[in-house]
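Novice:
In the numbering used here, the protein residues as written are 2 to 80.
Have a look at this one:
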């Protein structure tokens, strides 16, 4: 697999997640924050997001609007 999900309580910890990846020798793996994408976007088609580590907070994980939910977006991205 070329995709992973990193969940955290705080959005401020994304930099720590990137540092931890570097520390274990996985610094070449892209790590992106779900918050940087619109809830309606197909993340698999977004440049730089077709593989890597998706960082999300628990509160973002359960967010939604009238048409879309972040959980459905994440599931679609994971495949």
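Idealized CB from N, CA, C, for every residue including glycine. Since we're looking at a predicted model, the values are computed, not measured.
Does the ligand GDP have a heavy atom nearer than 7 Å to the CB of residue 21?
Specialist: No copy of the ligand GDP occurs in the structure displayed, which carries no ligand at all.
Novice: Residues in the same chain with beta-carbon distance under 8 Å from residue 59, minus the five sequence neighbours each way, listed in chain order, please.
Specialist: 8, 9 and 10
Novice: My guess is that residue 83 and residue 55 are in contact by the Cβ rule of under 8 Å, so how many angstroms apart are they, rounded?
Specialist: The first residue shown for the chain is 2 and the last is 80, placing residue 83 beyond what the model contains.
Novice: Just how far apart, CA to CA, sit residue 19 and residue 26?
Specialist: 11 Å
Novice: Quick test of the definition: if touching needs 3 or more C-beta pairs under 8 Å, does the stretch 64-73 touch the stretch 43-55?
Specialist: Judged by Cβ distances under 8 Å, the stretch 64-73 makes no contact with the stretch 43-55, as fewer than three pairs qualify.
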